[in-house]
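Enquirer: Take this structure, written in structure tokens, and hold onto it; I'll ask about it next.
Number of protein chains: 2
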Amino acid sequence: MTPVIIGFMPTKDPRKQMIRSTALLIRERGVEGTSFADVIEHSGAPRGSIYHHFPEGKPELIEEATRFGSEYIARMLSKDISTREPRSVVRRFAQSWRGLLKDGGFAAGCPLVAVAVDGSHMKAAREAAGDGFERWVDLLTDSFAERGVDRRRARSVATLVISSVEGAIVLARAEQSIAPLDRVTKELDLVVESMLDQSA
Amino acid sequence: MTPVIIGFMPTKDPRKQMIRSTALLIRERGVEGTSFADVIEHSGAPRGSIYHHFPEGKPELIEEATRFGSEYIARMLSKDISTREPRSVVRRFAQSWRGLLKDGGFAAGCPLVAVAVDGSHMKAAREAAGDGFERWVDLLTDSFAERGVDRRRARSVATLVISSVEGAIVLARAEQSIAPLDRVTKELDLVVESMLDQSA
DNA sequence: GTCTATACGAAGATAGAC
DNA sequence: GTCTATCTTCGTATAGAC
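One line per chain: the protein sequences are H and A, in this order.
Mapped onto the numbering used here, the consecutive letters of the first sequence carry residue numbers 42 to 241.
Mapped onto the numbering used here, the consecutive letters of the second sequence carry residue numbers 42 to 241.
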């Protein structure tokens, strides 16, 4: 089963490359479903240096992969927030996941969700996933508040955006259909529009 | 790590009991993180009859557990739908997950999400998860449509409800905080209220 | 930093007795 | 239906050479 490769740029640093491959693999197979052998094969990294680069073993690798995925999305969000309207930011956030689902035949989801669902026994990794979700929500919250939305409301809507898109990705994978994500995207647009109207 | 036991009634039929235990275990540990040994220990079922009850092995057990969890929630939803207002149904759906998260120290989530995220290589199980999500969405859709909501809109909002609650459960587990689910619940109430007002 | 070899346990699955 | 024993594969991790 060849993993889908979308979104992360390859590097030549073996450690970095292993982290990148892990992020790619866990979003398809989960944390427990991804082995060192998989990571070595996919990354092309040398077998013998796993514990040189990751002295604490798999938990450390998973944590790094989680932070890597988290920051990748945060950067994308930040960039959009600085150049676009809130409705466009939300739409593009959903659309980027839509692209991953369709291009990958619904095999791949979000690496942070993988960690939260099946890697939560790895405390540091789970915390990294939690930090990531909070960061994404914070970024959206700030962008809404800057348009005059009450901070409390902004945070609620931001949480709805992240939660519903992540949930829709899960539904889409299970149903092998993009319909859930498209429906959620449409409803989110109405919610954000209404939120902005109320504060205008 | 003793699994949290909430919501499913025990039986004396070993096969049924194994299915129930599997549903409980995968929502905490994921599909790959749950072994036959775990299921035997938790259910008290006899070691020697695993392949008597489940000739196709683990994939069959996971599929049955998925359908079991799916039907449990569908029954709860159906009962609420027949006796309550849509807003109350949605609130109680979210509240029931809230109870599981808090009572279980954020260890347990939704078994269908576990299958979609880390058991999607088991085709029959993944389809069972997809069927389950669709069923939940259908139940909510019908209940909204019965109150005069346009069927298409009803389906979109129903999908938003299921997706955002499932996503919020994931965020809550990662952050070890109920806040994401509470924020989503509040926003969903506004969405459902607005939807009903528009069709009144 | 990377190699090979290997220890060690866990997991899914099968065989044959009762 | 259930038991015990066992097979095989795989996964993490370590040791020690280069």
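Glycine included, C-beta positions come from ideal geometry on N, C-alpha and C.
Since the model is a prediction, treat every value here as computed from it, not as a measurement.
Following the continuous alpha helix (DSSP H) through A:F77, name the residue where it begins and the one where it ends.
Expert: For the purposes of this step, residue 77 of chain A is identified with residue 36 of the second sequence, where counting begins at 1. That run of the alpha helix (DSSP H) goes 77 to 84.
Enquirer: Have a look at A:F77, A:E104, A:A186 and flag the residue whose alpha-carbon is nearest the alpha-carbon of A:Y92.
Expert: As a first step, residue 92 of chain A is located in the second sequence; it is residue number 51 there, counting from the start. Closest option to A:Y92, Cα to Cα, is A:F77.
Enquirer: Taking the straight line between their C-alpha atoms, what separation do you get for H:I60 and A:A115?
Expert: Within the first sequence, the letter at position 19 stands for residue 60 of chain H. Within the second sequence, the letter at position 74 stands for residue 115 of chain A. Taking the straight line joining both Cα atoms gives about 40 Å.
Enquirer: Between H:F109 and the rest of its own chain, which residues show a CB-CB distance below 7 Å, the 5 nearest in sequence each way excluded?
Expert: Counted from its first residue, the first sequence places residue 109 of chain H at position 68. Around H:F109: I60, R61, A64.
Enquirer: Determine whether the beta carbon atoms of A:G140 and A:A157 lie at a separation below 9 Å.
Expert: Your numbering for residue 140 of chain A matches position 99 in the second sequence. Your numbering for residue 157 of chain A matches position 116 in the second sequence. For A:G140 and A:A157, no; Cβs fall outside 9 Å.
Enquirer: Can you give me, in chain order, the residues of the region 169 to 190 of chain H that have a beta carbon less than 7 Å from any beta carbon in chain A?
Expert: A170, G171, F174, E175
Enquirer: Check the Cβ of A:S197 against every Cβ in chain H and list those closer than 7 Å, keeping chain order.
Expert: Position 156 of the second sequence, counting from 1, holds the residue named residue 197 of chain A. R224, K227, E228, listed in chain order.
Enquirer: Just checking, does the region 83 to 103 of chain H make contact with the region 193 to 213 of chain H on the three C-beta pairs under 8 Å criterion?
Expert: Contact between the region 83 to 103 of chain H and the region 193 to 213 of chain H is absent: fewer than 3 CB-CB pairs across the two stretches fall below 8 Å.
Enquirer: Can you name the start and end residues of the alpha helix (DSSP H) that A:H94 belongs to?
Expert: To locate residue 94 of chain A, count along the second sequence from 1; it is residue 53. A:H94 -> alpha helix (DSSP H) spans 91 to 94.
Enquirer: Using only the heavy atoms of the ligand SAM, determine whether one of them is closer than 8 Å to the beta carbon of A:S197.
Expert: As far as ligands go, the structure on display features none, and thus does not contain the ligand SAM.
Enquirer: Of all the options H:V225, H:P55, H:A195, H:V202, which has the alpha carbon lying nearest to the alpha carbon of H:L237?
Expert: Translated into the one-based positions of the first sequence, residue 237 of chain H becomes position 196. If we check each option's Cα against that of H:L237, H:A195 comes out closest.
Enquirer: Using a Cβ-Cβ distance under 9 Å, would H:A157 count as near chain A?
Expert: Locating residue 157 of chain H in the first sequence gives position 116, where the first residue counts as 1. For H:A157, the answer is yes, since a Cβ of chain A falls inside 9 Å of its Cβ.
Enquirer: Does any residue of chain A bring its CB to less than 9 Å from the CB of H:Q217?
Expert: Here residue 217 of chain H corresponds to residue number 176 of the first sequence, with the count starting at 1. It does: the Cβ of H:Q217 has a partner Cβ on chain A nearer than 9 Å.
Enquirer: In this structure, how does DSSP classify A:P152 when only helix, strand and coil are distinguished?
Expert: For the purposes of this step, residue 152 of chain A is identified with residue 111 of the second sequence, where counting begins at 1. Three-state DSSP puts A:P152 in a helix.
Enquirer: With contact counted as at least three CB pairs below 8 Å, one residue from each stretch, are the region 79 to 93 of chain H and the region 149 to 168 of chain H in contact?
Expert: The region 79 to 93 of chain H vs the region 149 to 168 of chain H: no contact.
Enquirer: For a cutoff of 9 Å on Cβ pairs, would you count A:R167 as touching chain H?
Expert: The sequence position of residue 167 of chain A within the second sequence is 126, counting from 1. Closer than 9 Å: yes.
Enquirer: Could you name the residues of the same chain whose beta carbon sits closer than 7 Å to that of H:L201, not counting the 5 residues immediately before and after it, in chain order?
Expert: Counting from 1 along the first sequence, the entry for residue 201 of chain H is found at position 160. Same-chain partners within the cutoff: V232.
Enquirer: Does the CB of H:P51 have a neighbour CB from chain A at under 9 Å?
Expert: Residue numbering aside, residue 51 of chain H sits at position 10 when the first sequence is read from its first letter. No, H:P51 lies away from the interface with chain A (no Cβ there is under 9 Å from its Cβ).
Enquirer: Over the uninterrupted alpha helix (DSSP H) stretch that includes H:F109, give me the two end residues.
Expert: In the first sequence, residue 109 of chain H corresponds to position 68, counting from 1. Its alpha helix (DSSP H) spans residues 99 to 124.
Enquirer: List the whole-angstrom C-beta distance separating H:T107 from H:G173, where the pair is believed to meet the contact cut-off of C-beta under 8 Å.
Expert: Your numbering for residue 107 of chain H matches position 66 in the first sequence. Your numbering for residue 173 of chain H matches position 132 in the first sequence. Between H:G173 and H:T107 the Cβ distance is about 7 Å, and since that is below 8 Å, they are a contact.
Enquirer: Quick one: does A:R214 have its CB under 9 Å from some CB of chain H?
Expert: For the purposes of this step, residue 214 of chain A is taken as residue 173 along the second sequence, with counting starting at 1. With 9 Å as the cut-off, A:R214 counts as an interface residue toward chain H.
Enquirer: Helix, strand or coil for A:E234, going by three-state DSSP, please let me know.
Expert: In the second sequence, residue 234 of chain A corresponds to position 193, counting from 1. The answer is helix: DSSP assigns A:E234 an H, G or I state.
Enquirer: Hey, H:A135 and H:V225: beta-carbon distance below 9 Å or not?
Expert: Within the first sequence, numbered from 1, the residue matching residue 135 of chain H stands at position 94. Within the first sequence, numbered from 1, the residue matching residue 225 of chain H stands at position 184. Yes, Cβ-Cβ distance for H:A135 and H:V225 is below 9 Å.
Enquirer: Taking the CB atoms as reference points, tell me whether H:S137 and A:S205 lie closer together than 9 Å.
Expert: Start at 1 with the first residue of the first sequence, and residue 137 of chain H comes out as number 96. Start at 1 with the first residue of the second sequence, and residue 205 of chain A comes out as number 164. Going by C-beta atoms, H:S137 is not nearer than 9 Å to A:S205.
Enquirer: Quick check: what's the CA-CA separation for H:V70 versus H:D121?
Expert: Your numbering for residue 70 of chain H matches position 29 in the first sequence. Your numbering for residue 121 of chain H matches position 80 in the first sequence. Just to set this straight, residue 70 of chain H is Arg in the shown sequence, not Val. Distance between the alpha carbons of H:R70 and H:D121: 29 Å.
Enquirer: Distance, Cα to Cα, H:R56 vs H:H94?
Expert: Numbered from its first residue, the first sequence carries residue 56 of chain H at position 15. Numbered from its first residue, the first sequence carries residue 94 of chain H at position 53. If I take the Cα positions, the gap works out to 6 Å.
Enquirer: Is it buried or exposed, H:M163, if we count other Cβ atoms within 10 angstroms and call 16 or more buried?
Expert: The residue given as residue 163 of chain H occupies position 122 in the first sequence. Under this definition H:M163 is a buried residue.
Enquirer: Cβ closer than 9 Å: which chain A residues qualify as neighbours of H:G145?
Expert: Walking along the first sequence from the start, residue 145 of chain H turns up at place 104. Here the premise fails: no neighbours, minimum Cβ distance about 11 Å.
Enquirer: Could you give the residue range of the alpha helix (DSSP H) that holds A:V202?
Expert: The residue you call residue 202 of chain A lines up with position 161 of the second sequence. Unbroken alpha helix (DSSP H) run through A:V202: 192 to 216.
Enquirer: May I have the straight-line CA-CA distance separating A:L66 from H:G74, to the nearest angstrom?
Expert: The residue you call residue 66 of chain A lines up with position 25 of the second sequence. The residue you call residue 74 of chain H lines up with position 33 of the first sequence. Each residue's Cα considered, the two are about 16 Å apart.
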